[in-house]
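Numbering-wise, the sequence shown is residues 1116 to 1317 according to the numbering used here. Everything below concerns the one structure shown next.
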Amino acid sequence: MTNKRRAVPGVHPYDGPAGGWGALKATAIAVRTQMDAFEAPATLLRTNQPDGFDCPGCAWPDKEHKSTFQFCENGAKAVTWEATTKRVTPAFLAANTVSSLLAKSDFELEGYGRLTHPLVYDRDSDTLRPVAWEQAFARIGEILRGLQPDEVEFYTSGRASNEAAWLFQLFAREYGTNNFPDCSNMCHESTSVGPATVDRHW
1116 MTNKRRAVPG
1126 VHPYDGPAGG
1136 WGALKATAIA
1146 VRTQMDAFEA
1156 PATLLRTNQP
1166 DGFDCPGCAW
1176 PDKEHKSTFQ
1186 FCENGAKAVT
1196 WEATTKRVTP
1206 AFLAANTVSS
1216 LLAKSDFELE
1226 GYGRLTHPLV
1236 YDRDSDTLRP
1246 VAWEQAFARI
1256 GEILRGLQPD
1266 EVEFYTSGRA
1276 SNEAAWLFQL
1286 FAREYGTNNF
1296 PDCSNMCHES
1306 TSVGPATVDR
1316 HW
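In structure tokens, the structure reads:
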């Protein structure tokens, strides 16, 4: 069985060095295409700093002696993707069906930018339609009130902040369940199961 990967626009095989001028150029391109030019330097210089924020890309170790640049190329890119000025507007969603968006890669979808509104699926038009926050919370509450606590699973992304994840699990406990596996538990289930199926004599 061959593993054919779908081609992604702008992504090509690369076997060159992973640092140096190439990394600086790639970081500059990511900053230029994603962030506000005036805010970008200050944002990057706060990455992994005591008075800043932790990099969303990895667990950069906290060292006793700090330096000015506490991030790598991928960390800088992760920050630019989180702080992007690109937005997925209601006009964009009205012009693109869910079926067409499902045909896109994760990379392409993230490239469109951040959501600006809560959304509901409109079956008639096969589009995502923006709704007011009050409507979104009312609908979520209606669904949750119709279920038993242990019928519900609360799941967050690894890209949520620690504070957001803490509030989410507190809400789940108040709702009456402890069904909130973390994303690493879900994402790495194959990691714990897979090795047992591997030939140990390779």
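The beta carbon of each residue, even a glycine, is placed where N, CA and C say it ideally should be. Here the structure is a predicted model, which means the values were calculated and not measured.
*Name the residue from 1211, 1121, 1274, 1188 whose alpha carbon lies nearest to the alpha carbon of residue 1142.*
For residue 1142, the closest C-alpha among the options 1211, 1121, 1274, 1188 is that of 1188.
_Alpha carbons only, please: which of 1221, 1274, 1254 is nearest the one belonging to residue 1194?_
1274
*Excluding five sequence neighbours on each side, which residues of the same chain lie with their C-beta closer than 6 angstroms to the C-beta of residue 1151?*
1200
*Which residues in the same chain as residue 1248 place their Cβ atom closer than 8 angstroms to its Cβ, once the five residues preceding and following it in sequence are excluded?*
Its chain contains 1233 as the residues whose beta carbon lies nearer than 8 angstroms to that of residue 1248, once the 5 sequence neighbours on both sides are disregarded; these appear in chain order.
_Sheet register partners of residue 1162 (DSSP bridge)_ = 1168
*Grab the span of the alpha helix (DSSP H) containing residue 1288 for me, first residue to last.*
1277-1290
*Would you call residue 1125 buried or exposed, if buried means 16 or more other Cβ atoms sit within 10 Å of its Cβ?*
exposed
*Going by the CB atoms, is the gap between residue 1286 and residue 1270 shorter than 9 angstroms?*
no
*What residues in its chain sit with their C-beta under 6 angstroms from that of residue 1131, if we drop five residues either side in the sequence?*
none
*Whole-angstrom Cβ separation of residue 1163 and residue 1186, contact assumed at under 8 angstroms?*
Right, their Cβ atoms sit about 6 angstroms apart.
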